[in-house]
Amino acid sequence: MSDSVAVPTQVPPSSVVLVSGGSRGLGLAIVTDLIEAGVKVAAFARTVTPELTALAEKFPEQVHVGSVDINDAKAGQAFVKEVETKLGPIDGIVNNAAVGQDSLHVHTSAEQIAGIIQTNLTSPLVLTRFVLRRMMAKGLKGRIVNVTSICAQRGYPGLVAYSATKGGMDSATRSLARELGGRVLANSVAPGFFASEMSAVLGQTQLDQIVRRTPTGHLTEPEEVVPVVRMLLLDNTNINGQVLVIDGAASI
Ligand SMILES: NC(=O)c1ccc[n+]([C@@H]2O[C@H](COP(=O)([O-])OP(=O)(O)OC[C@H]3O[C@@H](n4cnc5c(N)ncnc54)[C@H](OP(=O)(O)O)[C@@H]3O)[C@@H](O)[C@H]2O)c1
1 MSDSVAVPTQ VPPSSVVLVS GGSRGLGLAI VTDLIEAGVK VAAFARTVTP
51 ELTALAEKFP EQVHVGSVDI NDAKAGQAFV KEVETKLGPI DGIVNNAAVG
101 QDSLHVHTSA EQIAGIIQTN LTSPLVLTRF VLRRMMAKGL KGRIVNVTSI
151 CAQRGYPGLV AYSATKGGMD SATRSLAREL GGRVLANSVA PGFFASEMSA
201 VLGQTQLDQI VRRTPTGHLT EPEEVVPVVR MLLLDNTNIN GQVLVIDGAA
251 SI
């Protein structure tokens, strides 16, 4: 028997991270934080906002941005290749882009349901598959962070299809972690409600109710989610296949 101690294989911190939906809200906060942490960041959304353009202009060697609809697989693949040429191979993905919902299930058309599932579940899985295949072909290890939601943990009226997509991504996270055999760490972060364009549909009464039910007494802030995403991408942890809920215990 050998007396040498086996060194555990670790997944190094990501050095080039692709962030979907990095143009505003939580995605923009994640992009900004990763840039500050010295990571190379590629971000896309359908519309590149002035904030995202400003970051790309300020950090031309470190940031690449583009206008891509995640539902256009070919455009997503072209963007990934562009990023590889400009920043190097991608070894981190943050699946953050999503659309919300504000309609009772009985009032949501089949087309609307399909659209939500396409944007929030099918397209992120297709993009992840594309990036993973390229990572593996290059023998790279990496990290995946799926931004899901508290809606996958408990029920909220008006969010049936949306909740289904977030629960789907949490399930995919667990199976990815198993399937990728430790070469790629896959985790979800599931934030509670925070103020953004997506949550603007919630009325003040609903927001007050959520705050009343939250032991920490406030809505989640994107700034409270960002460090968890950074940890999952950059820190040396053995966290894999988990859903980290960030909601001040509102859902407990
Ligand atoms: N806000 C909340 O209370 C809350 C709570 C829990 C979880 N979340 C989750 O947190 C993440 C960020 O949400 P947020 O509140 O920051 O939302 P947001 O402000 O509406 O931002 C969504 C981002 O996704 C992009 N996006 C949407 N559809 C896209 C498409 N077809 N192709 C490419 N990009 C697309 C948007 O840009 P374009 O529209 O220009 O494409 C934008 O950059 C989402 O996954 C959301 O489900 C939000």
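Numbering-wise, the UniProt record's numbering puts 64 at position 64 of the sequence shown, and it's gapless, one number per residue.
Glycine included, C-beta positions come from ideal geometry on N, C-alpha and C.
{"Query": "Cβ neighbours of Val39 in the same chain (closer than 6 Å, five flanking residues each side left out)", "Result": "Val17"}
{"Query": "Asp69: CB within 6 Å of a non-hydrogen atom of ligand 1", "Result": "yes"}
{"Query": "Three-state secondary structure assigned by DSSP to Ile93", "Result": "strand"}
{"Query": "C-alpha distance - Val68 paired with Thr216, whole-angstrom precision", "Result": "37 Å"}
{"Query": "Straight-line gap, residue 254 to Ala250 (C-alpha atoms, nearest Å)", "Result": "There is simply no residue 254 to check, as the chain begins at 1 and stops at 252 in what is shown."}
{"Query": "Any non-hydrogen atom of ligand 1 closer than 6 Å to Arg24 Cβ", "Result": "yes"}
{"Query": "Contact under 7 Å by Cβ, Thr148 with Met169", "Result": "yes"}
{"Query": "Opening and closing residue of the alpha helix (DSSP H) in which Gly248 lies", "Result": "It is not in any alpha helix (DSSP H) - Gly248 carries neither H nor E in the DSSP assignment."}
{"Query": "Selected residue, minimal CA-CA separation from Ala98, among Arg143, Gln206 and Leu159", "Result": "Leu159"}
{"Query": "Cβ-based burial, Asp102 [other Cβ within 10 Å; buried from 16]", "Result": "exposed"}
{"Query": "Phe44 and Phe79 closer than 7 Å at C-beta", "Result": "yes"}
{"Query": "Beta-carbon proximity of Ser14 to Leu232, cut-off 7 Å", "Result": "no"}
{"Query": "Separation of Phe59 from Gly167, as counted between CA atoms", "Result": "36 Å"}
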